[in-house]
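This report concerns only the one structure given below.
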Amino acid sequence: MAHPAQRRWYPIAFAIAALVLLPLSVLVLSWHTVDREIWAHLWDTQLPRLLGNTLVLVLGVGCGVTVLGVSLAWLTSLCEFPGRRWLDWALMLPFAIPAYVLAFVFVGLLDFAGPVQSLLREWFGSGLRLPRVRSTAGVITVLVLVFYPYVYLLARTAFLAQGKGLMEAARVLGQSPWQAFWRVALPMARPAIGAGLALAIMETLADFGAVSVFNFDTFTTAIYKTWYGFFSLSSATQLASLLLLAVMLVLYGEHRARGAARPANERPRGKALYHLRGFKALAASAWCGLVFLCAFVIPVMQLLVWFWQRGRFDLDERYTGLILHTLYLGGTAAAITVGVALLLAFARRLAPTRSIRSAVGLANLGYALPGSVLAVAIMWAFSYLDRELVIPLSTWLGGSGKPLLLGSLAALLLAYLIRFMAVAYGPLESSLARIRPSLPEASRSLGIGGPG
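This is the structure:
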């Protein structure tokens, strides 16, 4: 039975979960009618291949973001080498580039008619043949470069929080830096790395733009093809509900892999532990610099070139309003999402019951849904509420009797909240887990109140 102090978190967690589940329930309810012909056609012609492609993509991106994110986090947080100070924050910048934009840039640069292959054919002859850019390896590479910051940021925070004591103790016991990394630092950072990996995998499952640029069919592209090709929105939403099931498996796997591990909560270090010299320093700088070059510098430079060639002629005052509107929506949605995610993180920490854990897990399901599918689900849910509740109530009160929810700013903000809840919740939950329970207990004993 829950402690009385824990019960206050139940309404909060359940209300947030219900808000998220309102549009997601549309996906589940879509199964009341099943078009057997469409499903038979999909299974005979597409689904087995698309499921295989999706599995390969998830495994490839998962391995890639883990290796890239953890290695970069280890180097920038524990080692000293030329360029570390600015690479420390510069490696976060690829977050600013959407996956489909990076995919478009890389295909434009490296495709057969692109400048890179054209230049190489001039140098080495027209018979030169290079590997195809629009391939499985190509789309995995692009998604790894886009999504590695999820693992990098959380792993870096975990490494910085481990303190000098543990690593120095490992060195005193005769462990090499490599052994200390595998046996001490990496296991303690596992919860944060797992959270970042789960976010990257959910992003991969939901991606439509990048895989479309590479003509790489996945489960997400099947949703759109069913929607627009067969004109069957119900079948598309049924496919999307299966994608939700995949997300639940990812979250469950991340929870099981984390197990009883607790992140480090020592005092952060002020200086790097390992001062690299010679070839090691050069290799560290080259590795971090190469990732930053491929993930941010080259795409931004190419976008600027394309803008100067064509886009500058279309730039006028219209874009000022669009930019301001975008910043307003982004700032408002970010504030709401972080605030709600913080409530969920506190509920999960202060009332760690099975019911709360289930509510938190349900609230994080929306991250893997394609944006347009989520938008349709919200439109259906809000249309139903307008028709059955808002319009009759407005008419009874003498109002205009017009729909208020459908097409409103609240609908858009709810879509952002559902889509990005997991992004805000993961880092907050990982950070709260590093706070020892004795600290808030000591503060309450001193008369300083707080959540819980």
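Residue numbers (the working numbering): 341 to 792. C-beta atoms are modelled at their ideal positions from N, C-alpha and C, and glycine is treated no differently.
Looking at the backbone, the Cα of Pro639 and that of Trp414 are separated by about 25 angstroms.
Shown here, Glu420 sits in a strand according to DSSP, grouped into three states.
For His615, DSSP records a beta bridge to Glu420. Within the region 368-447, the complete alpha helix (DSSP H) segments at least 4 residues long are 376-385, 387-418, 424-430, listed from N- to C-terminus. Contact annotation, Ile718 with Ala755: C-beta distance approximately 5 angstroms; criterion of less than 8 angstroms satisfied.
With a cutoff of 8 angstroms on beta-carbon distance, Thr566 and Ala576 are scored as near each other.
Where Leu539 is concerned, the enclosing alpha helix (DSSP H) starts and stops at 526-546. In its chain, beyond the 5 residues on either side, Ala439, Tyr440, Leu442, Ala443, Val479, Val482, Leu483, Val486 have a beta carbon closer than 8 angstroms to the beta carbon of Ala550. Between the alpha carbons of Leu579 and Leu397 lies a distance of about 18 angstroms. Judged by DSSP secondary structure, Lys565 falls within the alpha helix (DSSP H) whose first and last residues are 559-569.
Scanning Trp379, Arg774, Gly629, Val587 for the CA closest to the CA of Ser574 turns up Trp379.
For the region 643-703, the full-length alpha helix (DSSP H) segments reaching 4 residues or more read 658-690, 694-703 along the chain.
Taking Glu594 as reference, the option from Val716, Ala623, Asn704, Leu364 with the minimal CA-CA separation is Asn704. In this structure, DSSP gives Ala495 a helical state, which the three-state scheme calls helix. Here Val366 is buried, its C-beta having at least 16 other C-beta atoms within 10 Å. Contact between the region 529-546 and the region 578-592 is present, with at least three C-beta pairs closer than 8 angstroms. Contact between the region 348-366 and the region 690-698 is established, with three or more Cβ pairs separated by less than 8 angstroms. If you check the CB distance, Ile663 and Leu757 do not come in under 8 angstroms. Of the candidates Tyr488, Leu749, Ala750, Ala520, the residue whose Cα lies closest to the Cα of Gly402 is Tyr488. If you compare the alpha carbons of Glu657, Asp557, Ala721, Val473 with that of Ala358, the shortest gap goes to Ala721. By the Cβ rule, the region 721-736 does not count as touching the region 765-779, because fewer than three pairs are nearer than 8 angstroms. Look at the beta carbons and you see the region 457-464 not touching the region 374-388: under three pairs across the two are nearer than 8 angstroms. For Phe554, no alpha helix (DSSP H) encloses it, and the DSSP letter there is neither H nor E. Between the region 423-435 and the region 513-522, the count of C-beta pairs closer than 8 angstroms stays below three; the two stretches do not touch. In this structure, Gln502 sits near Ala525, with a CB-CB distance shorter than 8 angstroms. Separation of the CB atoms of Val713 and Ile563 is rounded to 6 angstroms, and the pair is thereby assigned contact status at 8 angstroms.
In the structure shown, the three-state DSSP call for Ser572 is coil. If the five residues before and after Pro767 are omitted, its C-beta is found closer than 8 angstroms to the C-beta atoms of Leu493, Leu494, Thr497, Ala535, all from its own chain and listed in chain order. Of the residues assessed, Arg523 falls on the exposed side of the cut-off, its CB having fewer than 16 other CB atoms within 10 angstroms. Under the DSSP assignment, Gly706 falls outside any alpha helix (DSSP H); it carries neither an H nor an E label.
Listed in chain order, the non-local C-beta contacts of Ala430 below 7 angstroms within the same chain comprise Phe632, local neighbours out to five positions each way being set aside. In this structure, the beta-carbon distance from Val447 to Leu643 does not fall below 8 angstroms.
Assignment of Gln457 by DSSP, reduced to helix, strand and coil, places it in the helix class. Distance check between Val368 and each of Leu582, Arg472, Val491, Asp384 places Leu582 closest, using alpha-carbon atoms only.
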